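Every position in the sequence shown, counted from 1, becomes a number in our numbering once 402 is added.
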Amino acid sequence: KRLYSLDSVVFRTMMFLDDDSQLFGMPLVRLQLDQTTGSLGLSSRRSSALTNHADMLLRLRTSSTSPGLLDIPGTQAGCSHGITGDTFYAATGNDYRGEFRSLQEGWAGGF
403 KRLYSLDSVV FRTMMFLDDD SQLFGMPLVR LQLDQTTGSL GLSSRRSSAL
453 TNHADMLLRL RTSSTSPGLL DIPGTQAGCS HGITGDTFYA ATGNDYRGEF
503 RSLQEGWAGG F
């Protein structure tokens, strides 16, 4: 069994996969992996415009680099406020549905 992680992830722009595909067409999505460096890029193209959405590093995990289990109660206790999923999605202004609406609770602040 081989475990991988995505490290140094940088999100650059949103990729919308929604109703505007009827107007603009579905984007052509590209994942590009440099096997020498592990650099992985996510981009899309609609018409002639290429948009870079995210860059990251793909790394093979070993027993010495695998993270431990997250202490969820300890992490929550160190946060100054929490929010319900419904409140979060109402505040985004986007119409997230189905698998794109999976947040139930979130915490922030502190540390």
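Even for Gly, the Cβ is constructed at its ideal location relative to N, Cα and C.
Note that this is a predicted model, so its numbers are computed, not measured.
Given residue i as reference, the closest of the options once Cα atoms are compared
i, options, result
"residue 484", "506, 416 and 437", "506"
"residue 418", "472, 478, 406 and 499", "499"
"residue 480", "404, 487, 508 and 451", "508"
"residue 414", "447, 406 and 454", "454"
"residue 441", "478, 502, 462 and 403", "462"
"residue 407", "436, 437, 447 and 464", "464"
Cβ neighbour criterion (16 or more within 10 Å) applied to residue i
i, result
"residue 504", "exposed"
"residue 429", "buried"
"residue 445", "buried"
Range of the contiguous beta strand (DSSP E) that encloses residue i
i, result
"residue 413", "406 to 413"
"residue 434", "430 to 436"
"residue 443", "441 to 448"
Per DSSP, cross-strand counterpart(s) of residue i
i, result
"residue 485", "508"
"residue 454", "445"
"residue 462", "406"
Chain-order list of residues whose beta-carbon lies under 6 Å from that of residue i (same chain, five-residue window excluded)
i, result
"residue 412", "457"
"residue 443", "434 and 457"
7 Å CB neighbourhood of residue i in its chain, flanking five on each side removed
i, result
"residue 452", "445"
Unbroken alpha helix (DSSP H) run spanning residue i, endpoints
i, result
"residue 477", "474 to 479"
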